[in-house]
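One structure is given below, encoded as structure tokens.
Numbering (full-length UniProt numbering), first residue to last: 1 to 380.
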């Protein structure tokens, strides 16, 4: 039986970064991947600047497009809110290429990629025993990075306490004229679906178009997607491929470490409650888990406590703050529309600074933002 210091389950952004950091520190690391890389991964593929800056290596080879501006459309506003910076606010990637890049960097540091290894069972003995579709392996630590529906958390004893919301995305090929028109901007359209938004993210030669609602409900996503195509002015589709998925917009309530198993990314419920963007927090939490284990390998309790302290330092407070904003944005439409009409551009600038990492959300700044933007009622 093969034994590793750390087994990372999943080869997405969280898993890749966890493996990279742990391997770089000299640990023997394996990445379990149930498929063969590169593999398609359902995702809008919009990497915000803060997430891009977290990467300790170049990603230019996998960049589809870059946008130093962003447009947010509202039905009640004549013009969209608009943010422009002197750096790429959002970088478009396809997850098959992006994920493979990170894994390749981890492999350069010594990580081993075990493809076609689907996790079946976990047993806690002297070490952690993992039964996979290709046989058994063992490890001292396991990092769960297998996404929203991955089995690791459940197999390791976690109950389901995350809030999951539905989304539907299509990879759409359109005629040249339509593509050129829509590829000029990365855009969000608020309320094209109840309590949610639509997005149109141009890639190198096609469009990623989707709709998602922040209220778990029985809803015909396909119908709202087709209505959104009309909003975008798309009449002629050459080809389209649909992908339904779920997004975890609230962290688990029963912790993120148990028996040397560390939860990261969507497995932990770290997607942003306001935007549903998950890549950035996956990169961040994966790196934190890898570092916490590497720096405290022989002290299991300290490794767990350091990881939790790191999450509480920034990520978890940010998710809580984003949850306040999401409540306003999707559940208080009348109030939101009034605020957006009077101060929307100012809100847009602040939110852009937060999500691109140019405004760190410590407590003092959060309190000041809430006060200055007239949002104190959200946290009373």
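Glycine included, C-beta positions come from ideal geometry on N, C-alpha and C. In this text the structure is predicted, and so the values were computed from the model without any measurement.
{"Check": "Who are the near neighbours of residue 260 in its chain, counting only those whose CB is closer than 7 Å to its CB and skipping five residues on each side?", "Outcome": "128, 140, 141, 142 and 300"}
{"Check": "Could you give the residue range of the alpha helix (DSSP H) that holds residue 327?", "Outcome": "316-331"}
{"Check": "What three-state label does DSSP hand residue 336 in the structure shown?", "Outcome": "helix"}
{"Check": "Quick one: what does DSSP say residue 380 is sitting in, helix, strand or coil?", "Outcome": "Any reading at residue 380 must be qualified, since the residue scores a pLDDT of 49, below 50, and its modelled position is unreliable; the value itself is stated next. Coil."}
{"Check": "Would a C-beta distance cut-off of 7 Å place residue 71 and residue 187 closer than the cut-off?", "Outcome": "yes"}
{"Check": "Comparing alpha-carbon positions, which option in 254, 7 and 200 lies nearest residue 136?", "Outcome": "7"}
{"Check": "Which residues in the same chain have their Cβ closer than 6 Å to the Cβ of residue 121, if we skip the five residues on either side of it in sequence?", "Outcome": "131"}
{"Check": "Based on the DSSP output, what are the partners of residue 187 in its beta bridges?", "Outcome": "71 and 200"}
{"Check": "Can you list, in chain order, the residues of its chain with a C-beta nearer than 6 Å to that of residue 134? Leave out the 5 residues immediately preceding and following it.", "Outcome": "117"}
{"Check": "For residue 273, is the classification buried or exposed, using 16 other Cβ atoms within 10 angstroms of its Cβ as the cut-off for buried?", "Outcome": "buried"}
{"Check": "Determine the burial state of residue 206: buried for a count of at least 16 other Cβ atoms within 10 Å of its Cβ, exposed for fewer.", "Outcome": "buried"}
{"Check": "Are three or more beta carbon pairs between the stretch 52-64 and the stretch 87-100 nearer than 8 Å?", "Outcome": "yes"}
{"Check": "Going by CA-CA distance only, name the one from 105, 319, 310 and 48 that's closest to residue 17.", "Outcome": "105"}
{"Check": "Please return the same chain residues whose Cβ sits closer than 7 Å to the Cβ of residue 399, not counting the five positions on each side in sequence.", "Outcome": "As displayed, the chain neither begins before 1 nor continues past 380, which places residue 399 out of reach and without an answer."}
{"Check": "Any idea which residues DSSP pairs residue 92 with across the strands?", "Outcome": "46 and 65"}
{"Check": "Give the secondary structure of residue 291 by DSSP, where H, G and I count as helix, E and B as strand, and everything else as coil.", "Outcome": "helix"}
{"Check": "Determine which residues share a DSSP beta bridge with residue 166 and list them.", "Outcome": "246"}
{"Check": "Please identify the residue among 110, 241 and 164 whose C-alpha is closest to the C-alpha of residue 40.", "Outcome": "241"}
{"Check": "Thinking just about the alpha-carbon of each residue, which of 215, 226 and 220 is nearest to the one in residue 328?", "Outcome": "215"}
{"Check": "Report all residues from its chain with a CB closer than 7 Å to the CB of residue 296; omit the five preceding and five following residues, and keep chain order.", "Outcome": "302, 303 and 306"}
{"Check": "What does DSSP give as the partner residue(s) for residue 135 in the beta ladder?", "Outcome": "132"}
{"Check": "Between the stretch 307-318 and the stretch 35-51, do at least 3 Cβ pairs fall closer than 8 Å?", "Outcome": "no"}
{"Check": "Starting from residue 212, trace the alpha helix (DSSP H) both ways and give me its first and last residue.", "Outcome": "Residue 212 -> not in any alpha helix (DSSP H); beta strand (DSSP E) instead, spanning 207-213."}
{"Check": "From this set, 251, 15 and 192, which residue's C-alpha is nearest residue 286's C-alpha?", "Outcome": "15"}
{"Check": "From residue 248 to residue 220, what does the alpha carbon distance come to, in whole angstroms?", "Outcome": "19 Å"}
{"Check": "Would you mind reading off the limits of the beta strand (DSSP E) that contains residue 219?", "Outcome": "Careful: residue 219 lies outside any beta strand (DSSP E) and carries neither H nor E."}
{"Check": "Is the distance from the Cβ of residue 294 to the Cβ of residue 111 below 7 Å?", "Outcome": "no"}
{"Check": "For residue 74 and residue 224, what's the separation of their Cα atoms in angstroms?", "Outcome": "16 Å"}
{"Check": "Locate the alpha helix (DSSP H) running through residue 149, then write down its first and last residues.", "Outcome": "Neither: residue 149 is in no alpha helix (DSSP H) and is coded neither H nor E."}
{"Check": "Please determine, among 38, 154 and 275, the residue with the shortest C-alpha to C-alpha distance to residue 101.", "Outcome": "38"}
{"Check": "Hey, how far is the Cα of residue 333 from the Cα of residue 152?", "Outcome": "37 Å"}
{"Check": "Given residue 146, which residues of its chain have a CB within under 7 Å of its CB, disregarding the five upstream and five downstream residues?", "Outcome": "9, 10, 152 and 267"}
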